[in-house]
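Asks:
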Amino acid sequence: MIIFTHIPRTCGNSLQEKFLKTKMKICKRFHWKIQLLIDGKSKVTSKKDIVIGHFAYGVHVFFETDNYDYITVLRNPIQRWISLFNYTMKPKKRKSNPIVGMWYKKKNDIRRFLDYCIESNINHNIMVRQLSGIEKTEQIEPTQMHSMYVWANRKTTNTENEMKLFLEESKNNLMKYKLFGVSEKIDVFWNQFKTIFKVGSGKLRRVKKSLPLFNIDWKDSSVVRRLKVLNAYDIELYNFARKML
Numbered sequence: 684m685i686i687f688t689h690i691p692r693t694c695g696n697s698l699q700e701k702f703l704k705t706k707m708k709i710c711k712r713f714h715w716k717i718q719l720l721i722d723g724k725s726k727v728t729s730k731k732d733i734v735i736g737h738f739a740y741g742v743h744v745f746f747e748t749d750n751y752d753y754i755t756v757l758r759n760p761i762q763r764w765i766s767l768f769n770y771t772m773k774p775k776k777r778k779s780n781p782i783v784g785m786w787y788k789k790k791n792d793i794r795r796f797l798d799y800c801i802e803s804n805i806n807h808n809i810m811v812r813q814l815s816g817i818e819k820t821e822q823i824e825p826t827q828m829h830s831m832y833v834w835a836n837r838k839t840t841n842t843e844n845e846m847k848l849f850l851e852e853s854k855n856n857l858m859k860y861k862l863f864g865v866s867e868k869i870d871v872f873w874n875q876f877k878t879i880f881k882v883g884s885g886k887l888r889r890v891k892k893s894l895p896l897f898n899i900d901w902k903d904s905s906v907v908r909r910l911k912v913l914n915a916y917d918i919e920l921y922n923f924a925r926k927m928l
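Per this note's numbering, the very first residue in the sequence shown carries number 684; after that it's consecutive.
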């Protein structure tokens with residue numbers, strides 16, 4: 684079994700398109716319910732070739748097999764954050780996401796919105812949280828479980844020591860992955876996947892990018908500074924991953 688830890692906005696949809704064209708049995712979009720498994724709140728078995736979803740590291744313990752391999756793709760954290768923002772603000776997505784209301788409440792001011800995200804641990808060092816596998820669902824409001832690794836509020840702000848622990852665990856876990864890569868070199872990742880698992884063919888077709896809908900200067904120094912605060916530990920993890928490739 685291949686377990687694909689899909690970090691949001693890291694070319695995951697492009698990869699899923701390729702997976703769907705293979706003969707593999709796929710369990711797709713098995714999201715927050717697997718996080719409930721990690722917290723011991725439910726059980727499930729699956730006899731799939733590949734399990735894909737926005738879940739944390741550690742779900743292998745809940746499947747009836749010892750034959751599994753983890754794979755994942757990371758991305759430049761600031762670019763990933765901006766991409767998720769643009770994706771969320773698409774007209775079709777706006778109606779169903781309460782974070783959009785907060786954007787308008789902050790009067791479309793990106794600095795005020797970023798400050799709110801920093802204060803509430805929203806979209807905050809998501810790669811570290813997801814790959815560490817040790818953040819508990821008790822931190823998340825039940826109604827926001829489906830967006831644990833996107834825009835969900837945390838009930839409490841994590842301490843610096845907690846975030847450092849998330850970082851160290853995510854580094855340790857990443858080294859257990861059969862394959863990991865970065866979205867900036869997704870073609871290299873796809874070629875390695877085909878070689879290692881003997882499945883798949885052709886080149887990877889990238890899913891169309893989400894275009895910006897607001898006139899935001901993402902290069903403004905005050906904006907960049909806030910983005911670095913939101914992604915400080917993810918930046919360290921990303922740099923670590925690049926060195927390991």
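Note that CB positions come from ideal geometry on N, CA and C, so glycine has one too.
On a CA-only basis, which of 846, 755, 870 is nearest residue 818? Give me that one, please.
Replies: Per the Cα distances, 846.
Asks: If I follow the unbroken alpha helix (DSSP H) through residue 913, where does it start and stop?
Replies: Here the alpha helix (DSSP H) through residue 913 covers 904 to 913.
Asks: Taking buried to mean at least 16 other C-beta atoms within 10 Å of its own C-beta, is residue 734 buried or exposed?
Replies: With 16 or more Cβ atoms within 10 Å of its Cβ, residue 734 is classed as buried.
Asks: For residue 823, write down the residues that DSSP places opposite it in a beta bridge.
Replies: Partner(s): 837.
Asks: Determine the DSSP secondary structure at residue 710, reduced to helix, strand or coil.
Replies: Looking at residue 710 - three-state DSSP - the assignment turns out to be strand.
Asks: From 703, 751, 701, 768, pick the residue whose C-alpha is nearest to that of residue 901; which is it?
Replies: Of 703, 751, 701, 768, the residue nearest in Cα terms is 768.
Asks: With distances taken Cα to Cα, identify the nearest neighbour of residue 743 among 751, 831, 908.
Replies: The candidate whose alpha carbon is nearest that of residue 743 is 751.
Asks: If you compare alpha carbons, which of 689, 856, 825, 807 is closest to residue 738?
Replies: Comparing Cα positions, the closest option is 689.
Asks: Going by the DSSP bridge assignment, what does residue 865 pair with across the sheet?
Replies: Answer is 757, bridged to residue 865.
Asks: May I have the straight-line CA-CA distance separating residue 853 from residue 812, to the nearest angstrom?
Replies: Going by the C-alpha atoms only, they are around 8 Å apart.
Asks: Determine the DSSP secondary structure at residue 805, reduced to helix, strand or coil.
Replies: In the structure shown, residue 805 sits in coil (DSSP, three-state: anything other than H, G, I, E or B).
Asks: Taking contact to mean 3 or more Cβ pairs, one atom from each stretch, closer than 8 Å, check whether the segment 692 to 700 and the segment 863 to 882 are in contact.
Replies: Flag = yes, the segment 692 to 700 and the segment 863 to 882 touch.
Asks: I'd like to check one pair, residue 815 with residue 921: are the Cβ atoms closer than 8 Å?
Replies: Contact flag unset, no.
Asks: Could you please give me the residues that DSSP links to residue 752 through a beta bridge?
Replies: Looking at the DSSP assignment, residue 752 forms a beta bridge with 685.
Asks: Out of 802, 792, 766, point me to the one whose CA is closest to residue 892's CA.
Replies: Nearest C-alpha to residue 892: 766.
Asks: Look at the Cβ atom of residue 873, then the Cβ atom of residue 701, and state whether they are nearer than 8 Å.
Replies: Yes; because the gap between Cβ atoms is below 8 Å, this pair is in contact.
Asks: Can you tell me which residues form a DSSP beta bridge with residue 736?
Replies: Looking at the DSSP assignment, residue 736 forms a beta bridge with 688.
Asks: For the alpha helix (DSSP H) that residue 855 lies in, which residues bound it at each end?
Replies: Run containing residue 855: 843 to 857, per the alpha helix (DSSP H) assignment.
Asks: Would you identify the three-state DSSP class for residue 694, choosing helix, strand or coil?
Replies: Note: residue 694 maps to coil in three-state DSSP.
Asks: Nearest to residue 856 by CA position, among 754, 693, 925, is which residue?
Replies: The candidate whose alpha carbon is nearest that of residue 856 is 754.
Asks: So, with DSSP's three-state summary, where would you put residue 900?
Replies: It is coil, neither helix nor strand.
Asks: When you compare each of 895, 898, 808 to residue 833 by their alpha carbons, which one comes out closest?
Replies: Among 895, 898, 808, the Cα nearest to that of residue 833 belongs to 808.
Asks: Pick from 786, 745, 746: whose alpha carbon is nearest that of residue 896?
Replies: For the residues 786, 745, 746, the minimum Cα distance to residue 896 belongs to 786.
Asks: I'd like the list of long-range same chain contacts for residue 760, defined as Cβ closer than 7 Å, with 5 residues on each side in sequence excluded.
Replies: These residues qualify, in order along the chain: 810, 914, 917, 918, 921.
Asks: So residue 784 is in the alpha helix (DSSP H); what residue range does that whole segment cover?
Replies: Run containing residue 784: 781 to 788, per the alpha helix (DSSP H) assignment.
Asks: Using only the alpha-carbon positions, how far apart do residue 803 and residue 884 sit?
Replies: If you take the alpha carbons of residue 803 and residue 884, they lie about 43 Å apart.
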